[in-house]
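Protein chains in written order, with this note's numbering: chain A, -4 to 387; chain B, 193 to 437.
Written as C-alpha cells, this is what we have:
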C-alpha cells in the first residue's frame, strides 16, 4: 500500500482529524435517527416547504460530485496531461461526494427504512427513479475508471472508460436538473433550461471543491502546486463561474419577460427578504463577482483556494434560493384572485431550518470528506508532479 | 327394515336454507339498491368518478365538507397548522379587480394525467381505472416529490406518529396522503363524505357522479352549464370541476 498522501505527517494528527470528521458523521446519523423517531415535525420542513436544508446539502454534493469528475474527463477524454495526473483524485472525490449526497437524501426520507422498496419498485416515468439508475451506474463506471487509472495493466482502457464516465456524468446532472425541470406547477421550476444550467453549475462547484481538496493534500504533504497547473485550473474555474452567472441571468431574464412570472421574479430579486439577500449578496457578490475578480487577478495558491471557498459558499446560497425560495412563493391556483385558507394558500411561506436538518446535511458533507481521507490514506491519490509522464 | 323418518333431516335442511337466505338476502338487496361493485371485481375504466362544485352555493365560513372529511377519515388537527395534513380545505377567493368573492372547497382534483403519479419514484402514487388517484402507503417512501409536483397543494405529509387511525383508512407517519374521494364509500355505492354532508345540510354545492355516464346528473350539468377546471392551462383533465368561478 502506498500512503504517500499522508505519510509525512504525524500519524496522531491524522487520526485526530479523522476522529473529528467521524464525530460530525455520527452527529448527522444521530440527527437522522432523531428525525426518524419523532417524524419530520422536529424539522423546519412543512406542507408548504416540502424540501428543506437537507436537500440543499444533498443537491450540492450530488451536483458537485458529477462536476468534480470533469478534471479526470479533461485528462482522459480531451487529452490534457496536467489534468490526467489528477484523474484518480477527481474520481475519488466524485464517488465520495455522491455517496455523501445520497446519504442525506435517503436519510431525509419519511420512510428511510424502505430503501429496498426505493430500489426495487421503479416507476420509469419518474425522473427520480431514473436517477436511482443514473447514480448506481455512475458509481460503477467511476469505480471501473479508477481501476483503469490506478492499475498499470488496465491503463489501456482508461480512455474508453473515461469517455463513458464523461457521458454518464452529463446524463446524471441532466437527471438532477430534470427533477426540478419536470415540475409543471411551480413557477421557479418547470423549464428545460435547468438541465444545462445544472451541468454548468456542476462544472463550477466541482472544480472549486477539487481545488480546495487538492490544496489541502499538497499542504499536508508540504508540496507546492506547479504554477502553470494552478494558472490553468484557476482560469478554468473563472470561466465556469462566469458561465453559471450567464445562465442565471438567462433564467431570470426569461422569467421577467413572461408576465405570469413577474411576481415571482419580483419576490426573488427585490422583496423576498432572506432569499433576495442570499441571491444578491450570497450568490452574485460572494459566490460570483468576488471570486471572478480574485481568480483573474491573483497568482497565489492561497487566494485561489479562498476564491474556491467563496464559490462553494455561493453555491449553497444559490441552491437555498432555488430550492427553498422556489417553494416559499405560493402556488397560484387562481390567477387574478386573492386566495386565503387554513392551508396557507396565500402569502409567502416561512421556513426556519432546525438543528437536526443542518446536522444531517453537514453529516453528509463530512461523510464525503471521511471517504476521501480514508481512501487517500490507503491508496495513492496524490497528483503526480511529473504529469508529462502520467499521460498515456 | 324400518321406514326412515326424514322429517328431522328435512327440518335441518330447511333451517339452514332459511338461515342462509336471511344472511345473504340483505346483502344482495343492498347490492342491488346501491349498485355497488363486488369486492373481488376490479375498478373499471367504464366509470370516471368526479365531482362538480357550485361555488355560487358554497357559503363563506361553511366548513361542513371539511368537518365531514375529517370525521370520515380520521384526519384531525394536532395543533401544528403548518404540518397538519389537510385532505380538503375551504378557499376564500376575491377577484383583485372587481372585488367579487367566491368560496369553494379544494382537494385532490383526481386528474386524468396526474403529475403526482408521473413523478412518484416507486409507483406508490397511482390512479385507479375509475380515475381515483390514491397513495399506496405500503410503498410510499416519503420523498415528497409528489407534493412538489401537485399544482393544487392537495397533498400532505404525515410528520408525526398517528395513534388513533380509523379502521379501513390507512395512514402512517412518514408517508404522503391526500383526498381519496372516500374510495371505500364509493366502492360501497355511496357518495364521498364531503358531498353527503353538503347535501344533507341542503347546501347542494357538491355533486358526485360518473363523468363517463352521459345520463348521470353530473354529466348533464357539465353538458348544460359552463364549468371550469382549476389550472386548466396544465391540461390535466381534472375529475373535480367547478361552476361559478
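Cβ atoms here follow ideal geometry from the backbone N, Cα and C, with glycine treated the same way.
In this text the structure is predicted, and so the values were computed from the model without any measurement.
Query: How many Å lie between residue 103 (chain A) and residue 251 (chain A) at the Cα?; Result: 34 Å
Query: For the putative contact between residue 311 (chain B) and residue 319 (chain B), defined by C-beta atoms under 8 Å, what is the C-beta separation to the nearest angstrom?; Result: Going by Cβ atoms, the distance from residue 311 (chain B) to residue 319 (chain B) rounds to 13 Å, so no, they are not a contact pair.
Query: According to the Cβ coordinates, are residue 186 (chain A) and residue 170 (chain A) closer than 8 Å?; Result: no
Query: Ordered along the chain, which non-local residues of its own chain (more than five positions away) have a Cβ less than 7 Å from that of residue 122 (chain A)?; Result: 170, 173, 174 and 177
Query: In chain order, what are the residue ranges of uninterrupted alpha helix (DSSP H) at least 4 long that sit wholly in the region 228 to 312 of chain B?; Result: 256 to 265 and 307 to 311
Query: Residue range of the beta strand (DSSP E) that residue 209 (chain A) falls in?; Result: Counting along the chain, residue 209 (chain A) falls outside any beta strand (DSSP E), though it belongs to the alpha helix (DSSP H) covering 189 to 215.
Query: Grouping DSSP H, G and I as helix and E and B as strand, with all else coil, what is residue 401 (chain B)?; Result: strand
Query: Let me see if you follow: with CB-CB separation under 8 Å, is residue 306 (chain B) close to chain D or not?; Result: Absent from the structure is chain D; the protein chains it does hold are A and B.
Query: Rounded to the nearest angstrom, what separates residue 219 (chain A) and residue 210 (chain A) at their Cα positions?; Result: 9 Å
Query: With DSSP as the reference, label residue 333 (chain A) as helix, strand or coil.; Result: strand
Query: Label residue 137 (chain A) either buried or exposed according to how many other C-beta atoms from any shown protein chain fall within 10 Å of its C-beta, with 16 as the threshold for buried.; Result: buried
Query: What beta strand (DSSP E) runs, 3 residues minimum, are completely inside the region 246 to 308 of chain A?; Result: none
Query: If you draw a straight line from the C-alpha of residue 381 (chain B) to the C-alpha of residue 33 (chain A), how long is it?; Result: 39 Å
Query: Could you tell me which chain B residues have their CB closer than 7 Å to the CB of residue 41 (chain A), listed as they occur along the chain?; Result: 274 and 275
Query: Counting only C-beta atoms, is residue 250 (chain A) closer than 8 Å to chain B at any point?; Result: no
Query: Please determine, among A:40, A:8 and A:24, the residue with the shortest C-alpha to C-alpha distance to residue 348 (chain A).; Result: A:40
Query: How about residue 261 (chain A): is its C-beta nearer than 8 Å to some C-beta of chain B?; Result: no
Query: Comparing alpha-carbon positions, which option in B:430, B:421, B:275 and B:432 lies nearest residue 330 (chain A)?; Result: B:421
Query: Name the chain B residues whose beta carbon is nearer than 7 Å to that of residue 332 (chain A)?; Result: 285, 286, 287 and 288
Query: For residue 350 (chain A) and residue 81 (chain A), I'd like the C-alpha separation in whole angstroms.; Result: 37 Å
Query: Let me make sure I understand the geometry here. Which of B:384, B:383, B:385 and B:279 has the alpha-carbon closest to that of residue 348 (chain B)?; Result: B:279
Query: Could you have a look at residue 131 (chain A) and say whether DSSP puts it in helix, strand or coil?; Result: helix
Query: Taking all protein chains shown into account, do 16 or more other C-beta atoms lie within 10 angstroms of the C-beta of residue 409 (chain B), making it buried, or fewer, making it exposed?; Result: exposed
Query: Find the residues of chain A that neighbour residue 312 (chain B), judging by a C-beta separation of less than 7 Å, and give them in chain order.; Result: 118 and 121
Query: Going by Cα to Cα distance, which pick from A:278, A:148 and A:203 is closest to residue 85 (chain A)?; Result: A:203
Query: Given a cut-off of 8 Å on the beta-carbon distance, is the pair residue 285 (chain B) and residue 180 (chain A) in contact?; Result: no
Query: By the 9 Å beta-carbon criterion, what residues does the region 39 to 66 of chain A contribute toward chain B?; Result: 40, 41, 42, 43, 44, 45 and 46
Query: Could you pull the DSSP bridge partners for residue 358 (chain B) from this structure?; Result: Looking at the DSSP assignment, residue 358 (chain B) forms no beta bridge with any residue, so it has no partner.
Query: Taking the beta carbon of residue 314 (chain A) as the centre, do at least 16 other beta carbons fall within 10 Å, making it buried, or is it exposed?; Result: buried
Query: Could you tell me which chain B residues have their CB closer than 8 Å to the CB of residue 34 (chain A), listed as they occur along the chain?; Result: 350, 351, 352, 353, 365 and 366
Query: Taking 8 Å as the CB-CB cut-off, is residue 340 (chain A) touching chain B?; Result: yes
Query: Is it the case that the region 383 to 400 of chain B contacts the region 322 to 339 of chain B, given that we only count it when at least three CB pairs across the two stretches are under 8 Å?; Result: no
Query: Put residue 318 (chain B) into one of helix, strand or coil per three-state DSSP.; Result: strand
Query: Could you list which residues in chain B have their beta carbon closer than 8 Å to that of residue 127 (chain A), in chain order?; Result: 313
Query: Which residues in the same chain have their Cβ closer than 6 Å to the Cβ of residue 68 (chain A), if we skip the five residues on either side of it in sequence?; Result: 161
Query: Give the secondary structure of residue 153 (chain A) by DSSP, where H, G and I count as helix, E and B as strand, and everything else as coil.; Result: helix
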